[in-house]
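Below: one structure, written as structure tokens.
Numbering (UniProt numbering), first residue to last: 1 to 230.
Here it is in structure tokens:
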């Protein structure tokens, strides 16, 4: 799902997340093998070796999120751009050791053979929150907030890119979100406690939670009528 630009929606039921301004990735774990693809379908798995631990946490699943690199506590487009230009796997491993990225996950499309894209946003987020990602040290679940104006104020205070508002009760649809996901840019300075990046700027470890195991998996194919995997 691709967010559309707009004002912060407050009417109705919405969930709000930080716009990490990273590189959107689909992480597909199939039979214990991880494949990372960008929105145009490019395989960038070798460029982010620090995400390989995801296979230890999720044996089969399709996760949507962003690769983010932090510089002084804020996302760095320059550092991320350098990583995306790497073509040599050995060089990518060296960069990952020196300056690892974080995979901020915010949706789960398939898990253990069960397609979750028809399920409403809040159900998918509930499933995501139950995954035990403690063994995948560079993987985090992007926090979701109920108070959009307060989150936007914090984003402005920390000079982050903005907020992504997501309408509750909606399924996951590849392509244009039809306004169910809205990208909100900060517009005015304000003050707020600088706490939004506290978890992302550390080790990248997610809190340990319970995890359920599902039966055999089923591969989710790319939807042909869309020119993006998202």
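Quick reminder that beta carbons are idealized off the backbone N, C-alpha and C, glycines included. Predicted model, so just to flag it, every value in this text is computed and none were measured.
Quiz item: Which residues share a DSSP beta bridge with residue 35?
Solution: Answer by DSSP bridge pairing, in chain order: 28.
Quiz item: Are residue 77 and residue 46 close, meaning C-beta to C-beta below 9 Å?
Solution: It is not a contact, given that the beta carbons lie outside the stated cut-off.
Practice problem: Sort out for me which residues DSSP pairs residue 140 with in a bridge. | Solution: Per DSSP, 104.
Quiz item: Quick one: what does DSSP say residue 154 is sitting in, helix, strand or coil?
Solution: Under the three-state reduction of DSSP, residue 154 is assigned to helix.
Exercise. Reducing DSSP to helix, strand and coil, say where residue 61 ends up.
Key: If DSSP states are grouped into helix, strand and coil, residue 61 belongs with the strands.
Self-check item: Same chain, Cβ closer than 7 Å to residue 127, neighbours up to 5 away in sequence not counted
Solution: Result list for residue 127: 108, 111, 116, in chain order.
Quiz item: Just checking my contact of residue 130 with residue 13 at CB under 8 Å: how many whole Å lie between their CB atoms?
Solution: Residue 130 to residue 13, Cβ: 21 Å. No contact.
Quiz item: Among 141, 142, 162, which one has its Cα closest to the Cα of residue 151?
Solution: Nearest C-alpha to residue 151 among 141, 142, 162: 162.
Quiz item: Which residue or residues does DSSP assign as beta-bridge partners of residue 16?
Solution: Within the DSSP secondary-structure output, residue 16 pairs in a beta bridge with 145, 165.
Quiz item: Under a three-way DSSP split, which group does residue 176 fall into?
Solution: Residue 176 falls in the strand class under three-state DSSP.
Practice problem: For my contact list, residue 234 and residue 57 are in at a C-beta cut-off of 8 Å; report their separation, rounded to the angstrom. | Solution: Absent from the structure is residue 234, since the part of the chain shown begins at 1 and ends at 230.
Practice problem: Please name the residue, chosen from 179, 23, 125, 19, that lies closest to residue 66 on a Cα-to-Cα basis. | Solution: Checked all of 179, 23, 125, 19; the closest Cα to residue 66 is 23.
Self-check item: Limits of the beta strand (DSSP E) - the one that residue 184 falls within
Solution: Its beta strand (DSSP E) spans residues 181–184.
Quiz item: For the alpha helix (DSSP H) that residue 84 lies in, which residues bound it at each end?
Solution: Its alpha helix (DSSP H) spans residues 77–84.
Quiz item: So, is residue 16 buried or exposed, given that buried needs 16 or more other C-beta atoms within 10 angstroms?
Solution: Result: buried.
Quiz item: Are residue 74 and residue 160 touching if we call contact CB-CB under 9 Å?
Solution: Yes, Cβ-Cβ distance for residue 74 and residue 160 is below 9 Å.
Quiz item: DSSP three-state call for residue 115: helix, strand or coil?
Solution: Correct three-state label for residue 115: strand.
Practice problem: In the DSSP assignment, find the unbroken alpha helix (DSSP H) run with residue 44 in it and report its ends. | Solution: Premise fails: residue 44 is in no alpha helix (DSSP H) and is neither H nor E.
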